[in-house]
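Taking it in order: structure first as structure tokens, then the write-up.
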Amino acid sequence: MDRNSICCWTTWKGCLGWTRHLHRRDTVRHFLHHPAMKFFAFFLAFFFAFFALTFAADPKKEALGPCVAGECPPGFECLEKLCYQKND
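Numbering (our numbering), first residue to last: 37 to 124.
Put into structure tokens, the structure is as follows:
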């Protein structure tokens, strides 16, 4: 038995069937063989990608509108002729 084999004489099934030659490099392939596991892997990948992109995105300020005579409503400041909310 080679050192990468997960066969174990202490388990009740021993080295039966797929356990005999399943190596570490084959575990992902075996995991994705089942349709439910494919869905689960896709769901996890989407979940992590969505939240990573959500938190990594730079928050952008939304302009309220144009400055009127260089003035903005209270709580806003005039930047490049547009009113932006102050970050206090």
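Don't be surprised by glycine CBs; every beta carbon is placed ideally from N, CA and C.
So what's residue 71 in DSSP terms, helix, strand or just coil? Within the sequence shown, the letter at position 35 stands for residue 71. It is helical.
Please report the distance separating the alpha-carbon of residue 120 from that of residue 70. As a working note, residue 120 is residue 84 in the sequence shown. As a working note, residue 70 is residue 34 in the sequence shown. Inter-residue distance for residue 120 and residue 70 is about 52 Å (C-alpha atoms, whole angstroms).
Which two residues bound the contiguous beta strand (DSSP E) that contains residue 113? To locate residue 113, count along the sequence shown from 1; it is residue 77. DSSP places residue 113 in the uninterrupted beta strand (DSSP E) bounded by 112 to 115.
When you compare each of 111, 117 and 77 to residue 102 by their alpha carbons, which one comes out closest? Translated into the one-based positions of the sequence shown, residue 102 becomes position 66. For residue 102, the closest C-alpha among the options 111, 117 and 77 is that of 117.
Strand pairing of residue 107, partner residues [DSSP]: The sequence position of residue 107 within the sequence shown is 71, counting from 1. The partner list for residue 107 (beta bridge, DSSP) reads 104.
Using a Cβ-Cβ cut-off of 8 Å (strictly less than) and excluding sequence neighbours within five positions of residue 109, which residues of its own chain qualify? Reading the sequence shown from its first residue, position 73 is the one you call residue 109. Counting only Cβ-Cβ distances below 8 Å, and skipping sequence neighbours, we find 100 and 119.
Please name the residue or residues paired with residue 118 in a DSSP beta bridge. Working through the sequence shown from its first residue, we reach residue 118 at position 82. According to DSSP, residue 118 bridges with 102 and 115.
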